[in-house]
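This report refers to the structure that appears directly beneath it.
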Amino acid sequence: MSKRTEKAGSSGRFGARYGVIVRNRIKTIEAHQKGKHECPVCHHMAVKRISSGIWYCKHCDTKFAATAYSPDTKKELSKVSEQ
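Each residue of the sequence shown is one higher than the last, beginning at 511 in the working numbering.
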């Protein structure tokens with residue numbers, strides 16, 4: 511990794527702009543968004559983000575809608591909020 515992005519990670523592209531808090535927030539969101547995710551159908555770690563809210567499993571060719579930054583479906587989110 512280049513010297514500029516050692517601590518900053520993916521938000522190093524912003525340089526000194528926008529403030530530390532905003533850049534750290536972007537860094538954590540992008541790390542979660544671009545990480546590995548489990549498919550709700552086949553349960554393999556093969557889900558990639560196509561666009562905002564649209565996710566695709568490379569293993570079973572399933573395309574599904576979920577939240578913008580993570581492939582958590584609405585049903586799973588409502589179960590967590592009830593508890």
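In this text, a Cβ means the ideal position worked out from N, Cα and C, and glycines have one as well. Predicted model, so just to flag it, every value in this text is computed and none were measured.
Rounded Cβ spacing between residue i and residue j (contact assumed at less than 8 Å)
| i | j | result |
| --- | --- | --- |
| Ala518 | Lys537 | 7 Å |
| Ile531 | Tyr579 | Between Tyr579 and Ile531 the Cβ distance is about 18 Å, and since that is not below 8 Å, they are no contact. |
Alpha carbon of residue i to alpha carbon of residue j, nearest angstrom
| i | j | result |
| --- | --- | --- |
| Pro550 | Thr572 | 9 Å |
| His553 | Phe574 | 14 Å |
| Arg523 | Arg533 | 10 Å |
| Arg527 | Cys567 | 35 Å |
Per DSSP, cross-strand counterpart(s) of residue i
| i | result |
| --- | --- |
| His547 | Val557 |
| Lys573 | Tyr566 |
Short Cβ contact (8 Å threshold) for residue i with residue j
| i | j | result |
| --- | --- | --- |
| Ala556 | Trp565 | no |
| His542 | Pro581 | no |
Residue i classed as buried or exposed, judged by whether at least 16 other C-beta atoms fall within 10 angstroms
| i | result |
| --- | --- |
| Ser521 | buried |
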